[in-house]
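Numbering (my numbering), first residue to last: 177 to 587.
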């Protein structure tokens, strides 16, 4: 290693050791207050950025066994748990069949989400439920907490596009829907739209994991073609999205080519494209970063300025033994960055806890599923933001450090 680099590394190490010494012996409270200020600012950014990622992930139906969703580009970036309305995909049965013919894909199914009026014929109770129509594969897949095993595999009513096949009428309800309608497994429901010529049979009341809104949203899981027939989405064979289960990462270009003007959202809900295209998510993230940057810079600059002022005698000693102004400045810079980096690490942990708390409050108060998501990229983002805070805050303590002179030795 060249001599100059060794010297700079030694100066940086000296700055870090000085921070450790002040933390353990001289002024631990002042150091902890600096770290806490940066941690709060970074934690705020990580939490808000987690909410922004939740918005940017798009409106996808929750399913732990699904690896990708194919959704329309303008299908909405809102925080709704289930995408009702907006742009839809067409000719979905044919597209799903082509995807299922790919050996890399375990199963692909269209999903239609629509409000559906149903009626209990015994009591006359009429309620709206959020109906999810899909093509079950009989493989134990859960969608929004409901198991597809309670539905006959396939989509018999579709009948190759004729919509004249067998009407199964099978419906899986969650406890919220069953309670509102006053029904249980084996009971019958009627189409509440007024036509009265279609009926549904409750095959199960399922309260599985992953329920939307903590299980408070009334849901019904039915065959895709039957929901299409009940809602008029059979014209053009429409659905809101395609759910794809696969173990291959190479299949993503194939999914992207399935439809024009669509986006492929991975199972972790994070998509760089989705974030870039979501103006709301970008606005939230940028606003949070700006606030954290201003608060962090002001606090770190002030506290480190006080540290330098209180440490003028030691800096003057460094000057007296031959440390140049640049060397003393490098030591102070190392101290500032060390404080900021410690705050960044603590801030990431604080932000992760904030995301968990945000989701818990949203589920309890608003009865909605998780609105914030944590991604590993937030770790680098939080620490990087803290380092930037340290760099921007450094000029003020560096200016004070240059004023230290040999006169401080006599004080």
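Beta carbons are placed, not taken as given, at the ideal position from N, Cα and C, and that holds for glycine.
Note that this is a predicted model, so its numbers are computed, not measured.
Runs of the alpha helix (DSSP H) lying entirely within the segment 529-571 and spanning at least 4 residues, in chain order: 553-569. By the criterion of a C-beta distance shorter than 6 Å, residue 369 is surrounded in its chain by 293, once the five residues flanking it on both sides are discounted. Here the alpha carbon of residue 570 sits roughly 10 Å from the alpha carbon of residue 564. In the three-state scheme derived from DSSP, where H, G and I count as helix and E and B as strand, residue 284 is classed as strand.
Listed as beta-bridge partners of residue 303 by DSSP are 294. Judged by DSSP in its simplified three-state form, residue 312 adopts coil rather than helix or strand. Per the DSSP secondary-structure output, residue 367 pairs in a beta bridge with 294. Note that the C-beta distance between residue 303 and residue 357 is below 9 Å. Between residue 286 and residue 415, the C-beta gap is smaller than 9 Å, which places the two residues in contact. CA-to-CA, the gap between residue 211 and residue 463 works out to about 22 Å.
Three or more beta-carbon pairs drawn from the segment 509-522 and the segment 208-223 are found closer than 8 Å, and the two stretches are therefore classed as touching. Sorting 400, 355, 346, 441 by C-alpha distance to the C-alpha of residue 376 places 346 at the top. Within the segment 376-438, the complete alpha helix (DSSP H) segments of 4 residues or longer fall at 400-407, 428-432, listed in chain order. Beta-carbon to beta-carbon, residue 284 and residue 397 are separated by about 17 Å, too far to satisfy the 8 Å threshold. In the displayed model, residue 500 falls within coil according to three-state DSSP, outside both helix and strand.
One thing to note: residue 326 has its Cβ no nearer than 9 Å to the Cβ of residue 272. Taking C-beta atoms under 8 Å as the contact rule, residue 532 and residue 555 fail to qualify, at a distance of about 15 Å.
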